[in-house]
Amino acid sequence: MNTKLIKPFFMMGLFLCLMGGLSVAAIVLNKATDSIPVSWDTGFIMPALLASPVELHNLEDLQQLIAAPWYAELKVSQTKVGESVFSSCRDYFERVDDATRTTAASEMNAYLEFKVMCEAIRLLMTAENSESSYLPDPILSDAASKQWPKALALQISVEESRRSAEDPELKYWSDITPITRYESQSTAKASYYHESGYQEVEIVGRGDTNSDGVEDVLLVMRDHVYGGNYFNIRLLVLSVDAQRRWHLLTEF
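Following this line, the structure appears as structure tokens:
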């Protein structure tokens with residue numbers, strides 16, 4: 001047997017095996033360092049609130065929604081410039097104040113829808129890709145009310161909210177409003193019923209909103225009360241830490 005011929009082939013085979021091993025290692029490394037992209041879900045309805053359709057294909061397209069005209073103009077008061085008219089998210093961002101309300105009480109619900117969707121645009125545009133995520137699958141579940149912070153509970157009275165916030169015995173949503181029935185409309189939408197009313201929750205989007213590397217979830221919550229005309233809509237940003245504990249980061 002000619003060992004001089006075997007040696008080059010053996011060395012070439014060893015080289016290819018090593019290269020193959022390096023390639024596999026590189027793929028695994030890339031997969032491990034892949035970030036989780038920012039995304040939006042069915043709860044992000046801003047395109048449906050516009051006068052003309054705007055197609056969204058990627059995050060860069062969200063910029064178009066800032067100046068896009070709404071389906072209706074709203075007369076508002078107590079803005080940064082006094083009385084004004086809001087007809088786009090640009091108007092909202094430039095003139096809104098904490099006390100801003102619609103001139104006509106009947107238009108307040110529409111204003112709240114526009115408000116939370118404008119804030120959702122801003123959050124999605126400034127969010128970063130996530131390095132890790134502890135969000136459960138599914139996010140919306142029957143158990144959510146026993147895990148989510150108490151601030152998500154339906155509380156009409158400011159005084160009631162203050163007392164609940166100061167009570168250390170109350171920790172979770174269900175501690176304030178025990179849920180009697182749960183209905184799932186989809187993986188991104190669910191309804192939670194209790195004695196005084198019900199709350200509709202829908203996923204707006206996901207991304208790292210506070211630059212800690214962990215994926216957060218944007219939720220829109222619509223609060224309804226039985227036997228009354230009370231309605232409220234809130235945009236909530238929640239996150240889950242490595243210990244599987246939920247935290248409320250922001251609320252609009």
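Going by the UniProt record's numbering, 133 is the number at position 133 of the sequence shown; the sequence numbering is gapless.
Virtual Cβ for every residue (Gly too), placed ideally from N, Cα, C.
Rounded C-alpha distance that separates residue i from residue j
i: Arg162; j: Ala143; result: 25 Å
i: Glu215; j: Ala51; result: 32 Å
i: Asp160; j: Thr102; result: Residue 160 is actually Glu in this sequence, not Asp. Distance between the alpha carbons of Glu160 and Thr102 is about 25 Å.
i: Asp241; j: Tyr134; result: 6 Å
i: Ile156; j: Tyr198; result: 13 Å
i: Pro178; j: Tyr193; result: 9 Å
i: Thr33; j: Arg90; result: Here the model assigns Thr33 a pLDDT of 48, short of 50, so the residue's position is not dependable, and the following value carries that caveat. Those two C-alpha atoms are separated by around 36 Å.
i: Val204; j: Leu238; result: 11 Å
i: Thr42; j: Leu123; result: 16 Å
i: Glu128; j: Gly207; result: 6 Å
i: Ala72; j: Arg244; result: 42 Å
i: Gly110; j: Lys171; result: With the sequence shown as reference, residue 110 is identified as Ala, and Gly is not the correct amino acid for it. Ala110 and Lys171: Cα-Cα distance of roughly 32 Å.
i: Arg95; j: Glu107; result: 18 Å
i: Leu74; j: Gln185; result: 31 Å
i: Asn232; j: Met117; result: 14 Å
i: Phe252; j: Leu235; result: 5 Å
Boundaries of the beta strand (DSSP E) in which residue i is found, first to last residue
i: Met221; result: Asp216 to Val225
i: Phe231; result: Phe231 to Val240
i: Pro190; result: Before going further, note that residue 190 is Ala rather than Pro in the sequence given. Unbroken beta strand (DSSP E) run through Ala190: Lys189 to Tyr193.
DSSP bridge partner residues for residue i (one or two, in chain order)
i: Gln243; result: Answer is none; Gln243 lacks a bridge partner.
i: Thr103; result: Note: Thr103 sits in no beta bridge, so no partner.
i: Thr34; result: According to the sequence displayed, residue 34 carries Asp and not Thr. Partner(s): none; Asp34 has no beta bridge.
i: Gly205; result: Trp40 and Leu218
i: Arg181; result: Tyr193
Endpoints, alpha helix (DSSP H) assigned at residue i
i: Ala143; result: Run containing Ala143: none; DSSP gives neither H nor E here.
i: Ile121; result: Met108 to Thr126
Where are the alpha helix (DSSP H) runs, 4 residues long or more, that stay fully inside the stretch 36-82, in chain order?
64-67
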